[in-house]
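Notes follow the structure.
In this note's numbering, the protein residues as written are 2 to 99.
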């Protein structure tokens, strides 16, 4: 019975913890795009089950779009704001939209 209670408590702690997410963008710090991301981060933290802890990397500090896509493929970054250039690194057919 004690083990069952401990497991339930452990699972609730895991579910209550905010999931860590890293987002890269070329948007400069302080711009309206960056401010919108900061607002989104606050709302995500307040989501049910602990929400998500979003770390935002502005100013292109994670590299160019090709670098960011590579980091996403390797699981180092979970999200990015990309232009057609970056999206075409994922799917070449996107460049038809340009």
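No residue lacks a Cβ here, since even glycine has one placed at the ideal position from N, Cα and C.
query	result
The segment 58-76 in contact with the segment 15-34 per 3-pair CB rule at 8 Å	yes
When 45, 35, 34 are compared against residue 22, the one with the closest alpha-carbon	45
For residue 21, the three-state DSSP class (helix, strand or coil)	strand
Cβ contact check for the segment 61-76 and the segment 33-50: 3 or more pairs under 8 Å	no
Completely contained alpha helix (DSSP H) runs for the segment 45-93, where each covers 4 or more residues	66-74, 85-91
Close beta carbons around residue 99, own chain, < 7 Å, minus the five adjacent residues each side	85
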